[in-house]
Amino acid sequence: MSARHSIDARQTFCPGPMMELIAALKEASIGDEVEVLSSDKGSADDIPAWTRKVGHHLVSSEDRGDHWAIVVRKMK
Amino acid sequence: MRAKILILGSGLAGTIIANGLCRRLGSELKGGEVAITVLGTTPRHLYQPGLLYIPFGRIREQELYREQKTVLDRRVNFIIDPAKRIDVEANRVETQSGKVLDYDYLVIATGSRLVPESIPGLKEGAHSFYDIEGARKLRAAIDAFDGGRIVVNVNAPHKCPVAPLEMTLMLDEHLNNRGLAGKFEITYTYPIGRLHALEPVATWVTPEFDRRGIRSQTFFNTAAVDPVARTISSEEGDTLPYDLLITIPPHRGAQVIEESGLGKGGWVPTNPKTLLRDGSTNVFVVGDTTNIPISKAGSTAHFQADTIIDNLSLLIQENRWARDYDGKVFCFIETGMNSGTYVWFNYTTPPRPSPPTQMVHWFKLAYNRMYWLSACGLL
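Line order of the protein sequences matches chains A and B.
Quick note on UniProt numbering: the first sequence kicks off at 1 and runs consecutively.
Quick note on UniProt numbering: the second sequence kicks off at 1 and runs consecutively.
Given below as structure tokens:
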């Protein structure tokens, strides 16, 4: 049974949304989804680019005005 | 008795809280209304940031240690018997020796641990300076190094976020000072698409790396190390050869957290402002142990500890809340053997590193000794 994990990394500067996402994916099982909320505009570009490079699946990336909600599914 | 306070862990956070509570609750302790117990894992207290200097022979090992009993207030009941099982529903902790302790207030300060074994070949093929044995071995490896390819490899999650950059910059200067200029190359790997999690720090260090000829490989999440072929490869598909590999291993929280069902990866879900465990009103979580998405660093633990001292003492004395934690973090950054800078930030203020100076470096060296005043709760 796949699970959905959520990280609220808004207004956090270090280690930042993407490092939190990477750490969460390590703990997740294959098929699990991790949602990260980020107010860092770099995340909206960096996370999809990294997800493609490493071979996970970008489920969604939503601009919510003051932050982004990005969902990644662990594929390997 | 009005309150039995149990603190799990005798690292920086647990020690500062125990000492701070003794000062705030002096009359209650004297009257037997409050008792403070700390469960620790070791009789000696280690100043962890000092490990950075060991590989370069810049600090003596004995400067990093003090007997925990001499750091703790005498009114603290210090027991070397770590928690084996934490039951937050029954307000009870079982220790490894089988003792059962109940509490009115619990502070979880069990910290983080290195898990190099979670990446194939990393433990066998890489050096690390995040514990004393590793720092000693790295010192011997650096002393014996006479040229070649060095990889400084950073894994997530890890504590002390600037230490990998400090190691890289100090190592570059150290080897140049030894007359090895032109005979070595350093490649620094980082999990995300820039050289540091803090964007201003990454912006500052990128031209510094260029100036020194330090290479970098971003988007590098370690998949495996081959200690025989001396290569390190990433989940992203890149492979780097090395003659000397220095890693910052991935971390996990304490085993007792996972085994007690208190948090995946050993990180306890914690309110970022109150520092109370999610779902609890009498369980505080501090330092590396929380799942709060901020730096796992000594200063984080220190500022959180100060907040918990204020709140816990006032809850006992007046049954009211003092203040929330504002997310404050402060980090020195050694930028070589004779210069340093610093960053600070909180939940609302982004970091802005200043240009490195010799003065900040000297202050950092002074802090290496003043740390003991922090642990005692005096600074």
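Note that CB positions come from ideal geometry on N, CA and C, so glycine has one too.
Could you tell me which chain B residues have their CB closer than 7 angstroms to the CB of residue i, listed as they occur along the chain?
i: residue 27 of chain A; result: 264, 265
i: residue 20 of chain A; result: 293
Give the residues of chain A in contact with residue i, contact being defined as C-beta atoms less than 9 angstroms apart.
i: residue 329 of chain B; result: 13, 14
i: residue 193 of chain B; result: 18, 42, 45, 46, 49, 50
From the DSSP output, in three-state form, read off residue i for me.
i: residue 27 of chain B; result: helix
i: residue 41 of chain B; result: coil
i: residue 86 of chain B; result: strand
i: residue 97 of chain B; result: coil
i: residue 253 of chain B; result: strand
i: residue 56 of chain B; result: helix
i: residue 164 of chain B; result: helix
i: residue 121 of chain B; result: coil
i: residue 5 of chain A; result: strand
i: residue 102 of chain B; result: strand
i: residue 62 of chain A; result: strand
i: residue 363 of chain B; result: helix
i: residue 384 of chain B; result: Outside the modelled stretch of chain B, which goes from 1 to 379, sits residue 384 of chain B, for which no answer is possible.
i: residue 30 of chain A; result: coil
i: residue 110 of chain B; result: coil
i: residue 318 of chain B; result: helix
i: residue 351 of chain B; result: coil
i: residue 266 of chain B; result: helix
i: residue 201 of chain B; result: helix
i: residue 284 of chain B; result: strand
i: residue 184 of chain B; result: strand
i: residue 277 of chain B; result: strand
i: residue 356 of chain B; result: coil
i: residue 241 of chain B; result: strand
i: residue 153 of chain B; result: strand
i: residue 329 of chain B; result: strand
i: residue 92 of chain B; result: strand
Cβ closer than 9 angstroms: which chain B residues qualify as neighbours of residue i?
i: residue 31 of chain A; result: The contacting residues do not exist; residue 31 of chain A stays about 16 angstroms from chain B at best.
Thinking just about the alpha-carbon of each residue, which of the options is nearest to the one in residue i?
i: residue 195 of chain B; options: B:211, B:213, B:170, B:165; result: B:165
i: residue 201 of chain B; options: B:340, B:370, B:18; result: B:340
i: residue 114 of chain B; options: B:125, B:103, B:156; result: B:156
i: residue 65 of chain B; options: B:46, B:78, B:56; result: B:46
i: residue 305 of chain B; options: B:15, B:30, B:229; result: B:15
i: residue 277 of chain B; options: B:3, B:259, B:308; result: B:308
i: residue 170 of chain B; options: B:272, B:256, B:58; result: B:58
i: residue 92 of chain B; options: B:275, B:6, B:298; result: B:6
i: residue 359 of chain B; options: B:338, B:312, B:172; result: B:338
i: residue 322 of chain B; options: B:273, B:248, B:68; result: B:273
i: residue 294 of chain B; options: B:197, B:315, B:372; result: B:197
i: residue 275 of chain B; options: B:310, B:371, B:96, B:53; result: B:310
i: residue 63 of chain A; options: A:32, A:16, A:45, A:19; result: A:45
i: residue 21 of chain A; options: A:31, A:29, A:6; result: A:6
i: residue 76 of chain A; options: A:61, A:57, A:65; result: A:57
i: residue 83 of chain B; options: B:69, B:377, B:51, B:109; result: B:109
i: residue 68 of chain B; options: B:331, B:85, B:9, B:102; result: B:9
Am I right that residue i and residue j are in contact with their C-beta atoms under 8 angstroms? What's the rounded C-beta distance?
i: residue 186 of chain B; j: residue 215 of chain B; result: 7 angstroms
i: residue 100 of chain B; j: residue 94 of chain B; result: 5 angstroms
i: residue 152 of chain B; j: residue 246 of chain B; result: 5 angstroms
i: residue 162 of chain B; j: residue 333 of chain B; result: 5 angstroms
i: residue 145 of chain B; j: residue 189 of chain B; result: Going by Cβ atoms, the distance from residue 145 of chain B to residue 189 of chain B rounds to 19 angstroms, so no, they are not a contact pair.
i: residue 14 of chain A; j: residue 268 of chain B; result: That pair is no contact at about 20 angstroms.
i: residue 18 of chain A; j: residue 50 of chain A; result: 7 angstroms
i: residue 225 of chain B; j: residue 125 of chain B; result: 4 angstroms
Who pairs with residue i in a beta bridge, going by DSSP?
i: residue 78 of chain B; result: B:38
i: residue 22 of chain B; result: The partner list for residue 22 of chain B (beta bridge, DSSP) is empty, contrary to what the question assumes.
i: residue 226 of chain B; result: B:231
i: residue 334 of chain B; result: B:340
i: residue 217 of chain B; result: B:189
i: residue 259 of chain B; result: Note: residue 259 of chain B sits in no beta bridge, so no partner.
i: residue 177 of chain B; result: None; residue 177 of chain B has no bridge partner.
i: residue 69 of chain A; result: A:37, A:62
i: residue 3 of chain B; result: B:34
i: residue 439 of chain B; result: This structure gives no information on residue 439 of chain B, because the portion of chain B shown stretches from 1 to 379.
i: residue 51 of chain A; result: Bridge partners of residue 51 of chain A: none, in fact.
i: residue 381 of chain B; result: This structure leaves residue 381 of chain B out entirely; chain B is present only between 1 and 379.
Under 8 angstroms Cβ-Cβ, which residues of chain A neighbour residue i?
i: residue 198 of chain B; result: 13, 14, 16
i: residue 348 of chain B; result: 11
i: residue 271 of chain B; result: Near residue 271 of chain B there are no residues of chain A at all, since even the closest Cβ is about 11 angstroms away, more than 8 angstroms.
i: residue 7 of chain B; result: Residues of chain A passing the Cβ test: none, with the nearest at roughly 26 angstroms.
i: residue 221 of chain B; result: 22, 54
i: residue 345 of chain B; result: 13, 14
i: residue 353 of chain B; result: Neighbours of residue 353 of chain B on chain A: none; closest Cβ ~12 angstroms, over 8 angstroms.
i: residue 156 of chain B; result: 15, 19, 22, 23, 26
I want to check one thing, is the minimum distance from the CB of residue i to the heavy atoms of the ligand GDP below 7 angstroms?
i: residue 162 of chain B; result: In the structure shown, the ligand GDP is absent, as is every other ligand, since no ligand is present at all.
Cβ closer than 8 angstroms: which chain B residues qualify as neighbours of residue i?
i: residue 70 of chain A; result: Simply none; closest approach about 14 angstroms.
i: residue 63 of chain A; result: Near residue 63 of chain A there are no residues of chain B at all, since even the closest Cβ is about 20 angstroms away, more than 8 angstroms.
Starting from the beta carbon of residue i, find every residue of chain A whose beta carbon is closer than 7 angstroms, and list them in chain order.
i: residue 236 of chain B; result: 53, 54
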